[in-house]
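See structure below.
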Amino acid sequence: MESSVEIKQPIPELRKVEFLQRAQWLRAAILGANDGLLSTTSLMIGVTAAKDHDQWLVIVSGLAGALAGACSMAVGEFASVSTQRDIEQNATTKKPDSDQADEVSKNVDIIDTSVATPRSPFMKVISSHDHSHAFLEETLPNPYKAAGASAIAFLCGSAFPLMAAIAVSQSTIRVVAIAVVSSVSLAVFGAVGAYLGGSSVRISAVRVLVGGWISMGVTYGLLKPIDKQHEAGRD
Numbered sequence: 061m062e063s064s065v066e067i068k069q070p071i072p073e074l075r076k077v078e079f080l081q082r083a084q085w086l087r088a089a090i091l092g093a094n095d096g097l098l099s100t101t102s103l104m105i106g107v108t109a110a111k112d113h114d115q116w117l118v119i120v121s122g123l124a125g126a127l128a129g130a131c132s133m134a135v136g137e138f139a140s141v142s143t144q145r146d147i148e149q150n151a152t153t154k155k156p157d158s159d160q161a162d163e164v165s166k167n168v169d170i171i172d173t174s175v176a177t178p179r180s181p182f183m184k185v186i187s188s189h190d191h192s193h194a195f196l197e198e199t200l201p202n203p204y205k206a207a208g209a210s211a212i213a214f215l216c217g218s219a220f221p222l223m224a225a226i227a228v229s230q231s232t233i234r235v236v237a238i239a240v241v242s243s244v245s246l247a248v249f250g251a252v253g254a255y256l257g258g259s260s261v262r263i264s265a266v267r268v269l270v271g272g273w274i275s276m277g278v279t280y281g282l283l284k285p286i287d288k289q290h291e292a293g294r295d
């Protein structure tokens, strides 16, 4: 009499792969948007502090910073994820030593074929040896996807302070508008990143917002004396 034992997988591998694939580009997108927003905002606020009467200079500097930052993020993310992919690929394809191989072989030989039918998910994983390489390829990070997500997200984040700088011509109001728009966007990006990561939304939003304020204040405070020296030299 043949017995049939159903072996259940505790973790659905397909859902795990899909989660890893989504987390891969979501992480890069959130980080890229935050970096683009904060760096472009700080750059334009600093330029406004040093030369506050030239709106076109502020816009061009912000656009140049956005493009340069997007390229930098893409290259950095590509190099980082490529290295991570190589390390994980070498780790997953590394052959076990002879003792481990013998032990696994003995354990597999003990299992009778009548115990697990072809409907068993565990036996399907074992029998699908030809598809194991493709499965590992799906779980490995994709450097092209991460680089593209970082660059696009950086540009999207940079668009918010750029639109504020284009919309407002008066220098003082322009600085306030850029700071307000960027503050709201930073809080939203921080909250979204925390929600996707499963952490506290409020704490993460406040943390990102305070960090952004510090960056804006430092940039404005350090470059404002340059404008005063320039005005004094003209007099």
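Quick note: the sequence shown uses the working numbering, first residue 61, plus one each step.
Glycine included, C-beta positions come from ideal geometry on N, C-alpha and C.
### Ala126 to Phe214 span [Cα, whole Å]
7 Å
### Task
Check the C-beta distance from Ala237 over to Val228 and give it rounded, since I have them as a contact under 8 Å.
That belief holds up - the Cβ atoms of Ala237 and Val228 are roughly 5 Å apart, short of 8 Å.
### Query
Are the Cβ atoms of Val268 and Gly281 separated by less than 9 Å?
no
### Through-space distance from Ala219 to Ala93, alpha-carbon basis
10 Å
### Close Cβ partners of Met276 (< 7 Å) along its chain, the five nearest in sequence each way excluded
Thr101, Ser102, Ile105, Ala239
### Backbone secondary structure at Asn94 - three-state DSSP
helix
### Query
Any idea what DSSP makes of Gln149, helix, strand or coil?
Three-state DSSP puts Gln149 in a helix.
### Query
In angstroms, rounded to a whole number, what distance separates the CA positions of Ala109 and Trp116?
14 Å
### Message
If you reduce the DSSP assignment to three classes, tell me which class Lys111 lands in.
### Response
If DSSP states are grouped into helix, strand and coil, Lys111 belongs with coil.
### Task
Rank Gly96, Leu86, Ser245 by C-alpha distance to the C-alpha of Ala124 and give the top, closest one.
Gly96
### Query
Between which two residues does the alpha helix (DSSP H) containing Ser242 stretch?
231-257 is the span of the alpha helix (DSSP H), which, as asked, contains Ser242.
### Message
So for Val141, helix, strand or coil by DSSP?
### Response
helix
### Query
Got a sec, what are the start and stop residues for the alpha helix (DSSP H) Ser260 sits in?
Taken as a continuous stretch (DSSP letters only), Ser260 belongs to no alpha helix (DSSP H), as it is neither H nor E.
### Task
Give a yes or no on whether the C-beta atoms belonging to Gly129 and Leu222 are separated by under 9 Å.
no
### Query
What's the call for Pro203, buried or exposed, on a 16-neighbour Cβ count within 10 Å?
Looking at its Cβ environment, which holds 16 or more other Cβ atoms inside 10 Å, Pro203 is buried.
### Message
When you compare the CB of Asp114 with every CB in chain D, is at least one pair closer than 9 Å?
### Response
Looking for chain D here will not work: only one protein chain is present.
### Close Cβ partners of Lys284 (< 8 Å) along its chain, the five nearest in sequence each way excluded
Ala109, Ala110
### Task
Report back the beta-carbon spacing between Ala89 and Ala211 to the nearest angstrom; my notes put them in contact at under 8 Å.
That belief does not hold up - the Cβ atoms of Ala89 and Ala211 are roughly 10 Å apart, past 8 Å.
### Query
Would you report the Cα separation of Val261 and Gly271, rounded to the nearest angstrom?
16 Å
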